[in-house]
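Chains as they are written, first to last, in this note's numbering: chain A, 49 to 199; chain B, 40 to 140.
Every residue, glycine too, gets a C-beta built ideally from N, C-alpha and C.
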Amino acid sequence: MIDAEKGMQQTISGTTEFMSKMIEAANVSAVFGKPVEHRDCVVIPCGEVAVGGGMGFGNGPGETSEQGKGLTLTGIGGGAGGGANARPIAVIVMTPEGVRVKPIMDLTKVLLAEFTMAAFMLPWLVRLFRAAGAGKGKELSFGQLKRAIKR
Amino acid sequence: MQQQLSAPGWSIGKTRGEPFTAFGRQVVPIGYAIQARWHGGGFTWHRPLAVEIRDGDNIRRLPIHDVTLEAIISIFMMGSAIVILAASWKRWIHIKRRNKS
């Protein structure tokens with residue numbers, strides 16, 4: 049039991065240290081890269097960094113063993129998870145003439161957003177125009193006619 | 040940092056990077072960071088905000104735009120506007136027809 053608790057404490061401190069390092073890594077030097085000199089210009093890449101993580105550990109008393117030997121079963125459990133995301137945003141170009149910021153467009157993300165929007169818009173528009181078209185002609189459909197005859 | 044992780048809290052603020060000098064100009068990168076900490080976890084979101092250019096006595100700021108995010112937001116805004124406009128146009132036609140009859 050003591051060994052298990054010791055092990056759990058070690059795991060907790062190890063995971064906390066790992067997460068601290070992970071969050072620490074998302075500092076300014078991760079956002080602005082090292083300047084790269086090329087011919088007559090210096091390029092500084094910059095991007096967005098997002099890091100997150102969480103963990104949870106717990107223990108609790110269980111039922112007394114069936115044999116009645118006075119042993120109490122306990123449960124120890126835990127879990128941890130995390131993620132990191134980094135994407136380029138722009139490059140800073142320094143030349144003898146001046147400093148410029150050149151933005152970087154992630155075309156894949158933009159196209160994905162366009163397709164998602166189209167997938168959301170199309171059913172709406174189809175429904176709208178179908179409803180608008182239904183009111184135009186007052187002719188009965190085959191189904192409506194059949195139902196009217198049955199009545 | 041380990042202490043920060045165990046102490047819950049959050050912070051929002053600007054960060055400044057190491058100044059870099061080239062061609063007689065000094066560039067200071069400025070970032071924007073959002074940090075949240077809770078017991079046993081944390082979250083950091085850090086993005087570039089601008090660069091400060093010091094050219095002699097002149098200090099000017101060049102903002103850094105996230106064009107991808109701007110494009111995505113404009114696509115969603117435009118799509119939503121089209122759907123809302125189409126719905127209101129359809130409603131307007133429906134009311135007009137009902138008033139005629």
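Classify Gly-56(B): buried if its beta carbon has 16 or more other beta carbons within 10 angstroms, exposed otherwise. Taking the second sequence and counting its residues from 1, the one referred to as residue 56(B) is at position 17. Buried.
Under 8 Å, with one C-beta from each stretch per pair, do the stretch 55 to 69 of chain B and the stretch 90 to 104 of chain B reach the 3-pair mark? yes
Hey, does Met-56(A) have any beta-carbon neighbour from chain B nearer than 8 Å? As a first step, residue 56(A) is located in the first sequence; it is residue number 8 there, counting from the start. Not closer than 8 Å to any Cβ of chain B, the Cβ of Met-56(A) fails to qualify, so no.
List, in order along the chain, the chain A residues whose C-beta lies closer than 9 Å to that of Leu-101(B)? Taking the first residue of the second sequence as position 1, residue 101(B) is located at position 62. Ordered by position in chain A, the residues that pass the 9 Å Cβ test against Leu-101(B) are Ile-140, Val-147, Arg-148 and Val-149.
Min CB distance Ile-137(A) to chain B below 8 Å: The residue labelled residue 137(A) in the question sits at position 89 within the first sequence. By this cut-off, Ile-137(A) is an interface position.
For Pro-47(B), which residues of its own chain have a beta-carbon under 8 Å away from its beta-carbon, when the five flanking residues on both sides are left out? Position 8 of the second sequence, counted from the start, is the residue given in the question as residue 47(B). Result list for Pro-47(B): Arg-76, Trp-77 and His-78, in chain order.
Roughly how many angstroms separate the alpha carbons of Trp-84(B) and Phe-177(A), rounded to a whole number? Taking the first residue of the second sequence as position 1, residue 84(B) is located at position 45. Taking the first residue of the first sequence as position 1, residue 177(A) is located at position 129. Computed Cα separation, rounded: 43 Å.
By the three-class DSSP mapping on this structure, what secondary structure does Phe-66(A) have? Residue numbering aside, residue 66(A) sits at position 18 when the first sequence is read from its first letter. Note: Phe-66(A) maps to helix in three-state DSSP.
Within 10 angstroms of the Cβ of Arg-86(B), are there 16 or more other Cβ atoms? Answer buried if so, exposed if not. As a working mapping, residue 86(B) is identified with position 47 in the second sequence. Label assigned to Arg-86(B): buried.
Classify Pro-171(A): buried if its beta carbon has 16 or more other beta carbons within 10 angstroms, exposed otherwise. What you label residue 171(A) is simply residue 123 of the first sequence in a count that begins at 1. Burial call: exposed.
DSSP three-state assignment for Ala-78(A), whether helix, strand or coil: Translated into positions along the first sequence, residue 78(A) becomes position 30. DSSP places Ala-78(A) in helix when its eight states are reduced to three.
Return the first residue and the last residue of the alpha helix (DSSP H) that Ile-111(B) is part of. One-based indexing of the second sequence puts residue 111(B) at position 72. Segment 106 to 139, the alpha helix (DSSP H) holding Ile-111(B).
Three or more C-beta pairs below 8 Å linking the stretch 130 to 148 of chain A and the stretch 162 to 170 of chain A: no
Can you check DSSP and say which residues form a bridge with Lys-150(A)? As a working mapping, residue 150(A) is identified with position 102 in the first sequence. Bridge partners of Lys-150(A): Val-139(A).
Return yes when at least one heavy atom of the ligand SAH lies under 7 Å from the C-beta of Ala-128(A), else no. The ligand content of the structure shown is nil, which means the ligand SAH is not present either.
For Asp-105(B) and Ala-126(B), the rounded distance between their alpha carbons: Against the second sequence, residue 126(B) aligns to sequence position 87. Against the second sequence, residue 105(B) aligns to sequence position 66. Those two C-alpha atoms are separated by around 32 Å.
Where Lys-198(A) and Thr-107(B) are concerned, what is the direct C-alpha to C-alpha distance, given to the nearest angstrom? Taking the first residue of the first sequence as position 1, residue 198(A) is located at position 150. Taking the first residue of the second sequence as position 1, residue 107(B) is located at position 68. Rounded to the nearest angstrom, the two C-alpha atoms are 59 Å apart.
Contact with chain B by Glu-13(A), beta-carbon distance below 8 Å: Outside the displayed range of chain A (49 to 199) lies residue 13(A), so it cannot be described from this structure.
If you run the structure through DSSP and keep just helix, strand and coil, what is Phe-62(B)? Taking the second sequence and counting its residues from 1, the one referred to as residue 62(B) is at position 23. Correct three-state label for Phe-62(B): coil.
Looking at chain A, which residues of the stretch 108 to 124 of chain B have a Cβ within less than 7 Å of any of its Cβ atoms? Ala-110, Ile-111, Ile-114, Phe-115, Gly-118, Ile-121 and Val-122
Check whether chain B comes within 8 Å of Glu-96(A), counting only Cβ atoms and requiring the distance to be less than that. For the purposes of this step, residue 96(A) is taken as the residue at position 48 of the first sequence. Yes, because at least one Cβ of chain B sits closer than 8 Å to the Cβ of Glu-96(A).
Which residues does DSSP list as the beta-bridge partners of Phe-105(A)? Translated into positions along the first sequence, residue 105(A) becomes position 57. Phe-105(A) is bridged to Gly-126(A).
Using 8 Å for Cβ pairs, my map puts Gly-126(A) next to Gly-101(A). What's the rounded Cβ distance? Translated into the one-based positions of the first sequence, residue 126(A) becomes position 78. Translated into the one-based positions of the first sequence, residue 101(A) becomes position 53. 14 Å between Cβ atoms; not a contact.
Does Ile-25(B) come within less than 8 Å of chain A when only Cβ atoms are used? Residue 25(B) lies beyond the range of chain B shown here (40 to 140); nothing can be said about it.
Of the residues Met-142(A), Arg-175(A) and Glu-162(A), which one's Cα is nearest the Cα of Val-67(B)? Locating residue 67(B) in the second sequence gives position 28, where the first residue counts as 1. If we check each option's Cα against that of Val-67(B), Met-142(A) comes out closest.
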